[in-house]
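There are 2 protein chains.
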Amino acid sequence: MDSYQQLLIALRRINKATDIGAKRLAKDTGLTTPQLHTLQAVSDATSLTVGEVARAINLTLATTTSIINGLERKGLLDKHRDVSDKRRVIVSSTIAGNKLIQDAPKTLQDLLERRFGELETWEQSFVLAALQRVAMLLDAADIDAAPLLHTGAIERIGDNSTGNAVDNVYPAQAAGSK
Amino acid sequence: MDSYQQLLIALRRINKATDIGAKRLAKDTGLTTPQLHTLQAVSDATSLTVGEVARAINLTLATTTSIINGLERKGLLDKHRDVSDKRRVIVSSTIAGNKLIQDAPKTLQDLLERRFGELETWEQSFVLAALQRVAMLLDAADIDAAPLLHTGAIERIGDNSTGNAVDNVYPAQAAGSK
DNA sequence: ATATATTGATTTGATTATCGAATTAATAAT
DNA sequence: ATTATTAATTCGATAATCAAATCAATATAT
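Residue numbers (our numbering), protein chains in the order written: chain U, 4 to 181; chain X, 4 to 181.
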């Protein structure tokens, strides 16, 4: 087997492990996987527009809106309109949302950190440099090419009946039913 | 920023790139992402039991059954009972299923292969060794630890109304409605 | 400035994913 | 023979996901 094949296998293992990790964490925290990823993205960035969140988690705006509403209902995210451009809606993490991310049992991450920390300094640089190289190889395609690699699994969103807060989302026609 | 943080960032980039790749490919082939992963897993292995598929794609048996049924309806997978242990159902890829995987536009993979191939031999070994090390660090946790890393997105399954073939799935009670 | 196009987000409607719990059948253990 | 375990399916409920239609705000063109 050539080294490229081995590279793919290693990538799949990595993807699968992180996927398993994400699912466990989601379950532990009582969120779904897409909700967890969304909250994570917002929490990392402090505040993002809905569109930015969608790009970060790689889902459509429709889906993202729905996930965000779910998290808002749970009190983990807040939304408000951008004042300078009223088309935009800014999403930010609540205290509870940040706390949830902070307190989440990051088992995989801890383990990785511990083990990575156990490596000699030179080896750390070595591993890091290689990973960054791989990321670059893949990233270039990112914007415009794509497909396959992943052997792990994937995800989804949710309900929408009750609250689309943000004051009144479309102020101009408040509650008109079409 | 310490090198561990950079490691996480690199991993996220890798995960995101492969996620985007998988989604594009799924779309190109007219499958959903979980369907693609499932078909891929079965096609790689030639034949697997439903439980093995579930483990490979990291979903529950219930979900896996449903996805497999969808692929069966599309004529991409076949099912049949294991003769030596009739609890087991063996899933295998049809010609159409294999062809779909074969013919799939593996843009990301091609690009990665090309670029990886462009590296000097010593550098290939270097990158590969590092990736395998990371995979090991994560894998150990795999079975029993977990959480977070993934910044990409995830996936799902399908309908179940019409055909659950496999001759008659439960021969003993053929078509009784409970 | 008015009409036209573009952008950002939401809603709607339809499909698929996903899981837990209950069920069914087959095999294994006592 | 009972009893337990294992493998897969079904059912019911919820969440995810997207495309298309809609709505409002901003940008661009005429």
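Quick reminder that beta carbons are idealized off the backbone N, C-alpha and C, glycines included. Being a predicted model, the structure only gives us computed values, none of them experimental.
Rounded separation between residue i and residue j - CA only
i	j	result
U:V53	U:R91	8 Å
X:L80	U:A13	27 Å
X:A138	X:Y7	15 Å
X:H40	X:I60	7 Å
U:L141	U:D22	18 Å
X:A133	U:E121	15 Å
X:M4	U:G100	24 Å
U:K82	U:I93	6 Å
X:L84	X:V56	The sequence as given places Arg at residue 84 of chain X; Leu does not occur at that position. Rounded to whole angstroms, X:R84 to X:V56 spans 15 Å at the Cα level.
X:V130	U:V130	8 Å
X:L34	X:I98	16 Å
X:Q43	X:T32	12 Å
U:Q9	X:Q135	9 Å
X:F119	X:K109	15 Å
U:K30	X:L11	21 Å
U:I17	X:I17	9 Å
Buried/exposed call for residue i, threshold 16 Cβ in 10 Å
i	result
X:S128	exposed
U:P150	Note that U:P150 scores a pLDDT of 32, beneath 50, so its modelled location is shaky and nothing firm can be said.
X:E64	The sequence given here has Leu at residue 64 of chain X, not Glu. The residue is exposed, with fewer than 16 neighbouring Cβ atoms inside 10 Å.
X:S46	buried
X:T124	exposed
U:T49	exposed
X:S87	exposed
X:K89	exposed
Close beta carbons around residue i, own chain, < 6 Å, minus the five adjacent residues each side
i	result
X:E158	Residue placement at X:E158 cannot be trusted, given a pLDDT of 26 that sits under 50; what the coordinates show is reported in the next sentence. Answer for X:E158: T36, P37, listed in chain order.
U:L111	G24
X:S95	S50, D81
U:E126	none
Spatial neighbours of residue i in its chain, beta-carbon cut-off 7 Å, leaving aside the 5 residues before and after
i	result
U:R58	none
U:T68	V53
- Would you check if there are 3 or more beta carbon pairs closer than 8 Å linking the segment 114 to 134 of chain X to the segment 89 to 106 of chain X? no
- Task: Give a yes or no on contact between the segment 69 to 77 of chain U and the segment 17 to 32 of chain U, applying the rule of three or more CB pairs nearer than 8 Å.
- Result: no
- Message: My parser needs the alpha helix (DSSP H) runs of 4 or more residues fully inside the segment 29 to 101 of chain X; what are they?
- Response: 36 to 48, 53 to 60, 64 to 76
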